Amino acid sequence: MTKAREVLVIGGNRYFGKRLIGRLLAAGDRVTVLNRGSVTPPPGAEHLVADRDDERALTEAIGTRAFDVVLDQVCYTPRQAAIARRVFAGRTGRYVMTSTVEVYEHEDSPVPVPESAVDPSSVAVDPELPWDDPEFTEAHYGEGKRQAEAVLTGADFPVATVRVAHVLGGADDFTGRLDHYVDRIRTGAPIAVPPMAQPATYIHVEEITDFVFWAVGEDFTGPVNAASHGELTVRELCETVAARLDGRTPVFEVTDGAASPFAFRRRYAMDNSRAERLGFAFGDVREWLPKAVSETLGKEG
Numbered sequence: 036m037t038k039a040r041e042v043l044v045i046g047g048n049r050y051f052g053k054r055l056i057g058r059l060l061a062a063g064d065r066v067t068v069l070n071r072g073s074v075t076p077p078p079g080a081e082h083l084v085a086d087r088d089d090e091r092a093l094t095e096a097i098g099t100r101a102f103d104v105v106l107d108q109v110c111y112t113p114r115q116a117a118i119a120r121r122v123f124a125g126r127t128g129r130y131v132m133t134s135t136v137e138v139y140e141h142e143d144s145p146v147p148v149p150e151s152a153v154d155p156s157s158v159a160v161d162p163e164l165p166w167d168d169p170e171f172t173e174a175h176y177g178e179g180k181r182q183a184e185a186v187l188t189g190a191d192f193p194v195a196t197v198r199v200a201h202v203l204g205g206a207d208d209f210t211g212r213l214d215h216y217v218d219r220i221r222t223g224a225p226i227a228v229p230p231m232a233q234p235a236t237y238i239h240v241e242e243i244t245d246f247v248f249w250a251v252g253e254d255f256t257g258p259v260n261a262a263s264h265g266e267l268t269v270r271e272l273c274e275t276v277a278a279r280l281d282g283r284t285p286v287f288e289v290t291d292g293a294a295s296p297f298a299f300r301r302r303y304a305m306d307n308s309r310a311e312r313l314g315f316a317f318g319d320v321r322e323w324l325p326k327a328v329s330e331t332l333g334k335e336g
């Protein structure tokens, strides 16, 4: 029998984090979930309550425990990463941080970008920025993740950072991005797009759950891109939505101002070849996109 792993999940209260906890429990892992207490983890998981931004509270909550893997779903700033680096020193055999495609926000590549486009070891870290201000952190999401990756790169435990593509699917998608298109196509309202909308890579909520679960059990380190094969433009996305709304025709409105979600002015595609070489097989976005749209429509009734 395979020895059950001791896994600590920081966050994981919703969407694919919630699914991931279920996968770990189903695999027989001993799962501990740490959050601020607003959400109770599923049956079978132990619950620790602490604010991860409070180093003393986090240290006290962990006590003398050690973990095979720490899975950090909610590390957004270099300050949070620095606290985690200190608190979990000597307490974990592996640290997996959920990062984001937004680390590439300054890239505009004619081909999908590899992990080397943003090397955490070369990212400048500024912990004095107002990272405690939620509005600042939200407005600097990609920068916060880049700096968090950089801080964790120097930790004394092995660290992997999963750079997640734009996630779609599931009746519990809380982002409202697919809902935006469903509503506008259903009502005939115009969809704001830039003059040259560029393609992006995506991943289904179940596939990213599979990917992070797989990453927990591997031993690679450093950043890894997680994205399905294939790229979509916003127009292709809308066509798929329209096909499930009795063939209604999307109405596009070209603008130089604010555009709709996923209507990108630059290419937002990630190269997933490192993950494939490491052994994970991705699906194709065009194969699962109709399912993701149907899940959104099903949620609305």
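With the working numbering applied, the sequence shown covers 36 to 336.
Just so it is clear, CB atoms sit at the ideal spot from N, CA and C, and this is done for glycine as well.
What you are looking at is a predicted structure, and each value in this text was computed from that prediction instead of being measured.
Should A310 be labelled buried (16 or more other beta-carbon atoms within 10 Å of its own) or exposed?
Buried: at least 16 other Cβ atoms inside 10 Å.
Can you give me the Cβ contacts of Y130 inside the same chain, cut-off strictly under 6 angstroms, excluding the 5 residues immediately before and after it?
Hits under 6 angstroms: V105, F192, V194.
Going by the C-beta, is K38 closer than 6 angstroms to any heavy atom of the ligand ATP?
No copy of the ligand ATP occurs in the structure displayed, which carries no ligand at all.
Does R87 pass the burial test, meaning 16 or more other C-beta atoms within 10 Å, or should it be called exposed?
R87 counts as buried, since no fewer than 16 other beta carbons sit within 10 angstroms of its beta carbon.
is_contact[G211, chain D] using C-beta, thresh 7 angstroms:
You won't find chain D in this structure, because it holds only one protein chain.
Confirm, please, whether the CB-CB distance from T196 to S134 is below 7 angstroms.
Contact: yes.
In three-state DSSP terms, what is L134?
The sequence as given places Ser at residue 134; Leu does not occur at that position. In this structure, S134 counts as strand in the three-state DSSP scheme.
Cα-Cα, which of V289, L313, G189, T222 is closest to A117?
A117 has its Cα closest to that of G189, out of V289, L313, G189, T222.
Buried or exposed: where does T284 fall if 16 or more other Cβ atoms within 10 Å of its Cβ makes it buried?
Burial call: exposed.
Where does T99 land, buried or exposed, given buried means 16+ other C-beta within 10 angstroms?
So T99 counts as exposed.
Contact under 7 angstroms by Cβ, T94 with E81:
Not closer than 7 angstroms, so no.
Rounding to the nearest angstrom, what Cα-Cα distance links S329 and L280 in this structure?
About 10 angstroms.
Is L69 helix, strand or coil by DSSP?
Secondary structure at L69: strand, using DSSP grouped into helix, strand and coil.
Can you tell me whether DSSP reads V44 as helix, strand or coil?
DSSP places V44 in strand when its eight states are reduced to three.
Round the Cβ separation of D306 and V148 to the nearest angstrom and send it over; I've been treating them as touching at under 8 angstroms.
Going by Cβ atoms, the distance from D306 to V148 rounds to 6 angstroms, so yes, they are a contact pair.
Leaving aside the five residues before and after T290 along the sequence, list all residues of the same chain whose C-beta is less than 8 angstroms from its C-beta, in chain order.
Within the same chain, A227, V228, P229 come within 8 angstroms of T290 by CB-CB distance, once the 5 residues on both sides are set aside.
When DSSP builds the beta bridges, which residues end up paired with V217?
Bridge partners of V217: none, in fact.
Backbone secondary structure at T127 - three-state DSSP:
In the three-state DSSP reduction, T127 falls in the strand class (E or B).
Q115 by DSSP, collapsed to three states: which one?
The three-state secondary structure of Q115, taken from DSSP, is helix.
Would you mind stating whether R114 and W166 have Cβ atoms separated by less than 7 angstroms?
Yes, Cβ-Cβ distance for R114 and W166 is below 7 angstroms.
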